[in-house]
Amino acid sequence: MDIENIKKEALEKIENIKDKNDLDLFRRDYLGKRGKIRDLFSLVKDLSIEEKKTLGQKINQLAQEIEEIFLLKEKGFKKEKKEEIDLTLPVKMTELGNLHPITQVRREMERIFQLMGFSIVEGPEIENEWYNFDALNIPEGHPARDALSLGKTFYLKGGNVLRTQTSSAQVRYMKKIKPPIKIIVPGRVYRYETTDASHETNFFQLEGLFIDENVSVANLKAVLKKFLEEFFKREVEIRLRPSYFPFTEPSFEVDMVCTVCNGKGCSSCKKTGWVEILGSGMVHPNVIKNGGLDPKKYKGFAFGLSIDRPTMMKYKINDIRLFHSGNLNFLKQF
Amino acid sequence: MIFSYNYLQSFFKEPLPKPEKIAEILTMHSFENEYIEKRENDYILSVDVLPDRAGDCFSHTGIARELSVLLNRKIIYPKVKIKETLKDKLPIKIENSSDCLRYTASIIKNVKIEESPKWIKEKLEICGINSINNIVDVTNYIMLETGQPMHAFDYDKIVGGITVRRAKKGEKILLLKEKEQLLDENILVIADDEGPLAIAGIKGGKKAEITKETKNIILESANFNSKLISQTARKLNIRTDASIRFEQNIDPNLTINAIERTLSLISLPSSSKIDLYPKKLKPWKVKVSIKDINDTLGIIVSEKEIIGILTRLGFVVNKNMTIEVPTRRQDITIPENITEEIGRIYGYDKIPLILPSFSKPAQINYDIFWQNKAKDTMKELQYSEVFGYSFIGDQEREEFNLSVREIINPTSSYYKYLRPTTIPQLINFTKENLKYFNKVKIFELGKVFGKEERIVLSGAVSNSDYLGVKSDILALFNSLGINKVSFTKEEIKIGKDIIGKVGIKSGITFFEFDFEKIQKNAIDNREYKHVSYHPIATRDISGLVDDDLEIEKIISKIEKIDLVKSVEVFDVFKGKNVPSGKKSISLRVNLQSKERTLDGQTIDRIINKIKETINWEERK
Numbered sequence: 008m009d010i011e012n013i014k015k016e017a018l019e020k021i022e023n024i025k026d027k028n029d030l031d032l033f034r035r036d037y038l039g040k041r042g043k044i045r046d047l048f049s050l051v052k053d054l055s056i057e058e059k060k061t062l063g064q065k066i067n068q069l070a071q072e073i074e075e076i077f078l079l080k081e082k083g084f085k086k087e088k089k090e091e092i093d094l095t096l097p098v099k100m101t102e103l104g105n106l107h108p109i110t111q112v113r114r115e116m117e118r119i120f121q122l123m124g125f126s127i128v129e130g131p132e133i134e135n136e137w138y139n140f141d142a143l144n145i146p147e148g149h150p151a152r153d154a155l156s157l158g159k160t161f162y163l164k165g166g167n168v169l170r171t172q173t174s175s176a177q178v179r180y181m182k183k184i185k186p187p188i189k190i191i192v193p194g195r196v197y198r199y200e201t202t203d204a205s206h207e208t209n210f211f212q213l214e215g216l217f218i219d220e221n222v223s224v225a226n227l228k229a230v231l232k233k234f235l236e237e238f239f240k241r242e243v244e245i246r247l248r249p250s251y252f253p254f255t256e257p258s259f260e261v262d263m264v265c266t267v268c269n270g271k272g273c274s275s276c277k278k279t280g281w282v283e284i285l286g287s288g289m290v291h292p293n294v295i296k297n298g299g300l301d302p303k304k305y306k307g308f309a310f311g312l313s314i315d316r317p318t319m320m321k322y323k324i325n326d327i328r329l330f331h332s333g334n335l336n337f338l339k340q341f
Numbered sequence: 054m055i056f057s058y059n060y061l062q063s064f065f066k067e068p069l070p071k072p073e074k075i076a077e078i079l080t081m082h083s084f085e086n087e088y089i090e091k092r093e094n095d096y097i098l099s100v101d102v103l104p105d106r107a108g109d110c111f112s113h114t115g116i117a118r119e120l121s122v123l124l125n126r127k128i129i130y131p132k133v134k135i136k137e138t139l140k141d142k143l144p145i146k147i148e149n150s151s152d153c154l155r156y157t158a159s160i161i162k163n164v165k166i167e168e169s170p171k172w173i174k175e176k177l178e179i180c181g182i183n184s185i186n187n188i189v190d191v192t193n194y195i196m197l198e199t200g201q202p203m204h205a206f207d208y209d210k211i212v213g214g215i216t217v218r219r220a221k222k223g224e225k226i227l228l229l230k231e232k233e234q235l236l237d238e239n240i241l242v243i244a245d246d247e248g249p250l251a252i253a254g255i256k257g258g259k260k261a262e263i264t265k266e267t268k269n270i271i272l273e274s275a276n277f278n279s280k281l282i283s284q285t286a287r288k289l290n291i292r293t294d295a296s297i298r299f300e301q302n303i304d305p306n307l308t309i310n311a312i313e314r315t316l317s318l319i320s321l322p323s324s325s326k327i328d329l330y331p332k333k334l335k336p337w338k339v340k341v342s343i344k345d346i347n348d349t350l351g352i353i354v355s356e357k358e359i360i361g362i363l364t365r366l367g368f369v370v371n372k373n374m375t376i377e378v379p380t381r382r383q384d385i386t387i388p389e390n391i392t393e394e395i396g397r398i399y400g401y402d403k404i405p406l407i408l409p410s411f412s413k414p415a416q417i418n419y420d421i422f423w424q425n426k427a428k429d430t431m432k433e434l435q436y437s438e439v440f441g442y443s444f445i446g447d448q449e450r451e452e453f454n455l456s457v458r459e460i461i462n463p464t465s466s467y468y469k470y471l472r473p474t475t476i477p478q479l480i481n482f483t484k485e486n487l488k489y490f491n492k493v494k495i496f497e498l499g500k501v502f503g504k505e506e507r508i509v510l511s512g513a514v515s516n517s518d519y520l521g522v523k524s525d526i527l528a529l530f531n532s533l534g535i536n537k538v539s540f541t542k543e544e545i546k547i548g549k550d551i552i553g554k555v556g557i558k559s560g561i562t563f564f565e566f567d568f569e570k571i572q573k574n575a576i577d578n579r580e581y582k583h584v585s586y587h588p589i590a591t592r593d594i595s596g597l598v599d600d601d602l603e604i605e606k607i608i609s610k611i612e613k614i615d616l617v618k619s620v621e622v623f624d625v626f627k628g629k630n631v632p633s634g635k636k637s638i639s640l641r642v643n644l645q646s647k648e649r650t651l652d653g654q655t656i657d658r659i660i661n662k663i664k665e666t667i668n669w670e671e672r673k
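Residue numbers (our numbering), protein chains in the order written: chain A, 8 to 341; chain B, 54 to 673.
This is the structure:
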């Protein structure tokens with residue numbers, strides 16, 4: 008019996024083993040109960056003590072060596088084979104669905120105002136002339152009524168108009184809810200316009216209304232600044248300028264420091280450092296009266312914010328008509 | 054409106070701040086300045102005078118008055134020096150004093166019609182008015198100064214007297230620049246005994262025009278009903294420097310001052326003024342409270358300061374804060390108007406920012422909640438949201454045979470109806486997008502207008518795989534917690550109520566749901582169902598069932614059987630080898646128990662029960 012030969016043979020065999028099955032066979036052949044090592048030991052049994060000792064040691068050593076190489080090989084097999092990958096290969100981007108940018112911005116606005124305690128309500132898009140004009144202190148013959156009704160308002164056959172501003176919901180809710188009334192009214196409004204990159208016939212507004220016993224211009228300033236800061240996610244400076252709306256008195260135009268140039272003056276703010284962001288004011292006593300409330304007791308502020316414009320500012324969109332284009336090359340960018 | 058910086062300067066002794074500073078002060082306290090432009094030795098200030106202030110501020114005097122209040126400087130009004138020595142007279146009549154509130158006139162003789170002096174021409178040019186001749190230019194110059202439009206007629210061409218009256222139907226006037234205008238009884242005219250000389254407040258006529266040959270003139274400084282002028286200007290589509298001013302409430306007390314200033318500049322003897330002023334406008338009173346003003350603004354301005362501001366503005370403050378309003382300020386009628394005056398002059402920038410104290414939390418709006426949920430689910434289903442106009446045209450109406458509500462004044466014939474459905478637009482959007490994309494999946498959640506305004510959820514997919522769309526619809530309803538949904542061939546129902554439909558047009562599959570009906574059935578509270586770890590037993594069965602038994606019914610019946618986890622139909626066949634009145638179906642049934650692994654016996658028992666339930670027959 009040649010121990011060296013067995014060893015040599017075993018090393019050769021194990022070298023060539025490619026799978027787990029062959030490795031199991033190897034174990035059986037060498038280290039198993041009827042394996043070659045056992046066979047060697049059974050031969051030793053009949054030898055002299057002296058010979059038993061020397062040969063036994065040698066067989067033990069052989070057994071140990073074979074077991075070691077076996078274990079090493081087994082360990083190698085236990086590791087799963089690594090998959091080869093190559094991320095440099097080109098692919099097409101997975102298609103996701105998309106929400107319209109106006110939807111996304113509208114939700115963001117709603118979220119911020121809700122945090123400040125404003126409930127969201129909606130009003131009808133087909134509105135009667137009373138809610139759209141008269142209730143808002145724009146009676147027949149008022150120059151603002153002419154300005155808005157002649158040329159700016161869509162009239163429907165059989166009566167009624169398409170609302171020209173979300174403000175038309177103001178009086179509806181004053182009649183419905185008891186003060187404090189703290190609501191926003193987002194939605195689609197309509198103006199007769201010749202469309203171009205900055206004018207649309209269908210667009211979106213968000214109206215805000217807060218009526219309570221002690222509401223002041225100071226409150227209006229704070230709420231609007233807070234909103235703009237949350238919306239633009241940065242510190243925002245605002246200013247109120249005198250303006251005129253029939254349904255508010257006093258009325259203001261609210262400007263914020265231009266986000267492009269930080270107030271230094273650039274082309275997007277016409278070098279003024281300020282960007283006009285919304286119209287607002289203290290609710291006109293006639294409007295409060297039309298809502299069935301006592302203007303001596305209740306005061307309030309209202310504001311009307313475009314949704315389209317801040318969306319355009321946020322994403323640097325230069326053509327308002329894209330919003331209603333249905334063009335996925337545009338819509339899939341958001 | 055365009056203002057000249059030098060012109061404004063002429064109202065003050067000391068030099069005004071720089072134009073940029075003036076512009077900023079006006080923007081923050083009065084009216085927005087649109088732009089400043091340098092012109093030789095002057096500056097143009099383009100000021101957006103607010104509509105309620107046009108009555109007193111479409112004039113350099115008006116803006117100068119604002120500046121005098123804001124800069125706290127004394128305003129110097131130009132001097133008036135007149136010689137009313139002529140004895141000439143002209144009969145003047147106002148037919149209706151509500152059409153013409155005041156008519157002031159003066160006759161000047163022996164004028165020489167020539168070019169204006171340079172300084173007048175310069176001022177007019179800066180303010181965008183063409184120089185015509187010395188007389189017309191002076192009237193325009195005074196209009197720029199005072200805001201009172203004036204008109205000069207050739208005195209010798211007037212036959213008889215002047216009447217301010219409504220035009221007669223069919224009457225005509227030849228306007229300056231040779232344009233003939235047909236008139237009617239809604240139009241106010243200045244007429245002599247023969248016919249109209251001018252359309253009141255809007256434009257003069259050819260007949261009594263000032264020409265090189267004119268020797269004697271009559272100046273008109275009048276006040277007309279602003280609404281009437283506004284309507285006429287719109288109707289005739291004529292906008293002049295006079296009409297844009299007369300459309301506002303100009304102070305009728307201004308006519309005298311303006312005509313005297315004009316006479317001063319012409320510097321010739323004139324007749325004594327002919328002044329018809331049937332109902333003189335007097336100052337009125339508004340009572341305010343200091344506390345109310347401060348409460349509204351959210352700041353404390355002292356009584357002294359408030360009185361100071363009001364006095365500078367030309368208001369007379371009487372006892373108990375009863376304010377007398379000058380007649381030029383017809384925009385001031387209620388205490389809130391005074392609050393605005395105090396706020397803007399004091400400065401809105403001085404008002405602090407105070408968040409309102411917390412009153413009550415916002416209420417959830419479930420309409421919005423479900424709309425958001427539906428939109429999010431559509432997005433998860435790989436649809437992209439689109440917005441269509443609320444308008445459609447004849448093409449959509451005819452192609453889809455729609456009954457529509459019509460817009461009286463559409464912007465174009467493509468947008469003359471309100472959409473009663475969004476499907477035509479979605480199909481068009483899909484077609485357009487197929488030029489750039491291999492596959493298009495779009496949806497809209499928006500208003501449509503039938504008899505009522507409704508909200509619909511609709512979508513379109515760029516192929517005719519309507520069963521794929523059905524899968525999406527099932528996922529949508531599952532996400533909205535609706536499990537009572539059933540299908541007919543083309544419609545979707547909840548219970549007996551049809552809530553939507555699916556169709557194919559030009560290879561595009563579309564669907565539309567009544568969103569209110571969806572929302573009514575949507576449920577947000579789900580209950581956990583036990584998750585079983587026991588194996589699923591799957592059995593396929595095929596055989597014959599009655600042809601009129603709908604697949605939907607078969608599935609719902611089987612799913613009600615105990616231990617049935619799910620069932621799918623993978624083949625339906627009619628025709629060859631299938632007896633009439635029958636159809637061949639193949640089903641795969643998945644069975645699972647929550648408590649144990651199912652044995653063969655139990656499985657056979659359930660399969661038998663299924664067969665009984667659907668009246669199943671062995672295929673021959």
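For glycine and all other residues, C-beta sits at the position ideal for the given N, C-alpha and C.
Given the structure is predicted, the values throughout are model-derived calculations rather than measurements.
Given that a residue counts as buried once 16 or more other Cβ atoms are within 10 Å of its Cβ, and exposed if not, what is residue i?
i	result
valine 98/A	exposed
proline 70/B	exposed
leucine 510/B	buried
glutamate 93/B	exposed
glutamine 572/B	buried
glutamate 7/A	This structure does not reach residue 7/A, given that chain A is present from 8 up to 341, and the question cannot be answered.
arginine 292/B	exposed
tryptophan 423/B	buried
Quickly, what does DSSP pair residue i with across the bridge? List them, please.
i	result
glutamine 234/B	Ile226/B
valine 243/A	Partner(s): none; valine 243/A has no beta bridge.
asparagine 209/A	Tyr197/A
cysteine 180/B	Answer by DSSP bridge pairing: none, since cysteine 180/B is not bridged.
What residues of chain A sit near residue i, judged by a beta carbon separation below 9 Å?
i	result
isoleucine 387/B	Glu256, His291, Pro292 and Asn293
Which residues in chain B sit within 8 Å of residue i, going by Cβ to Cβ distance?
i	result
arginine 246/A	Met81, Tyr401 and Asp402
lysine 233/A	Leu408
glutamate 237/A	What glutamate 237/A touches in chain B: nothing, since even the nearest Cβ is about 13 Å away.
glutamine 121/A	Ala415
threonine 110/A	Lys428 and Glu438
Strictly below 8 Å CB to CB, what residues from chain A border residue i?
i	result
asparagine 149/B	Those do not exist, as asparagine 149/B stays about 17 Å from chain A at its closest Cβ, beyond 8 Å.
threonine 650/B	Within 8 Å Cβ-Cβ: nothing; threonine 650/B doesn't reach chain A, min ~31 Å.
arginine 397/B	Pro249 and Pro257
isoleucine 97/B	Going along chain A, no residue has its Cβ under 8 Å from isoleucine 97/B, so there is no contact; the nearest lies around 16 Å.
What residues of chain B sit near residue i, judged by a beta carbon separation below 9 Å?
i	result
phenylalanine 125/A	Ala415
Rounded C-beta distance between residue i and residue j? I'm assuming under 8 Å.
i	j	result
lysine 340/B	proline 388/B	7 Å
Using a Cβ cut-off of 7 Å, pull out every chain A residue sitting near residue i, in sequence order please.
i	result
threonine 464/B	Tyr199 and Thr208
proline 405/B	Ala225
Under 7 Å between beta-carbons, which chain B residues line up against residue i? List them in chain order, please.
i	result
asparagine 105/A	Lys432, Ser437 and Glu438
lysine 11/A	Per the sequence shown, residue 11/A should be read as glutamate rather than lysine. Within chain B, no residue comes near glutamate 11/A; the closest Cβ sits about 56 Å away, beyond 7 Å.
Kindly confirm or deny that the segment 161-168 of chain B and the segment 265-273 of chain B touch, where touching means at least three C-beta pairs closer than 8 Å.
yes
Taking contact to mean 3 or more Cβ pairs, one atom from each stretch, closer than 8 Å, check whether the segment 224-231 of chain B and the segment 131-150 of chain B are in contact.
By the Cβ rule, the segment 224-231 of chain B does not count as touching the segment 131-150 of chain B, because fewer than three pairs are nearer than 8 Å.
Contact between the segment 290-306 of chain B and the segment 271-281 of chain B is defined here as three or more beta-carbon pairs at a separation below 8 Å; is this criterion met?
Taking a cut-off of 8 Å on C-beta distances, the segment 290-306 of chain B touches the segment 271-281 of chain B, as three or more cross pairs fall below it.
Three or more C-beta pairs below 8 Å linking the segment 585-597 of chain B and the segment 541-560 of chain B:
no
At least 3 beta-carbon pairs within less than 8 Å: the segment 426-438 of chain B vs the segment 92-108 of chain A
yes
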